[in-house]
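Engineer: Here's a structure for you.
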Amino acid sequence: MYVCICKGISEKDIERAMITHQNTKDILKSLGVGSDCGTCMIDAIESIKSKQKAHNTSRQTVQKPTNLK
Ligand code: FES
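In this note's numbering, the protein residues as written are 3 to 71.
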């Protein structure tokens, strides 16, 4: 699904950018999201925050010890 129509940036493009960039501003800047009409900014930021939250939740789940009593 496209997040930014002006730049043709999809959810997958954002996920790929998140591999090399840590913070939201850097992710958006690296892709050029919001640099034209800007109407995509709120949705793009929400998408990034949601993906970061899901990533952090899955990391916490993996790090939990499984055999402690
Ligand atoms: S839709 Fe992203 S800059 Fe226009």
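We treat Cβ as the ideally placed atom computed from N, Cα and C, and that holds for glycine.
Just so it is clear, the structure is predicted and the values come from calculations on it, not from any experiment.
Are there 16 or more other CB atoms within 10 angstroms of the CB of I44, so buried, or fewer, so exposed?
Structural biologist: Position 42 of the sequence shown, counting from 1, holds the residue named residue 44. It is exposed - the Cβ of I44 has fewer than 16 other Cβ atoms within 10 Å.
Engineer: Going along the chain, which residues of its own chain have a beta-carbon closer than 8 Å to the beta-carbon of I50, five neighbours each way excluded?
Structural biologist: Position 48 of the sequence shown, counted from the first residue, corresponds to residue 50. Only I16, M20, T26, I29, L30 meet the Cβ criterion.
Engineer: If you follow the alpha helix (DSSP H) that T26 is in, where does it begin and where does it stop?
Structural biologist: Translated into positions along the sequence shown, residue 26 becomes position 24. Looking at the DSSP string, the run of the alpha helix (DSSP H) that includes T26 is 26-33.
Engineer: By a C-beta neighbour count over all protein chains shown, 10 Å radius and 16 as the cutoff for buried, is I2 buried or exposed?
Structural biologist: The first residue shown for the chain is 3 and the last is 71, placing residue 2 beyond what the model contains.
Engineer: Once the 5 residues before and after G36 are set aside, which same chain residues still bring their CB inside 8 Å of it?
Structural biologist: Counted from its first residue, the sequence shown places residue 36 at position 34. Cβ within range, chain order: C6, L30, C42, M43, A46.
Engineer: Using 7 Å as the cut-off, classify the Cβ of D38 as near or not near the heavy atoms of the ligand FES, replying yes or no.
Structural biologist: As a first step, residue 38 is located in the sequence shown; it is residue number 36 there, counting from the start. D38: yes, Cβ under 7 Å from the ligand FES.
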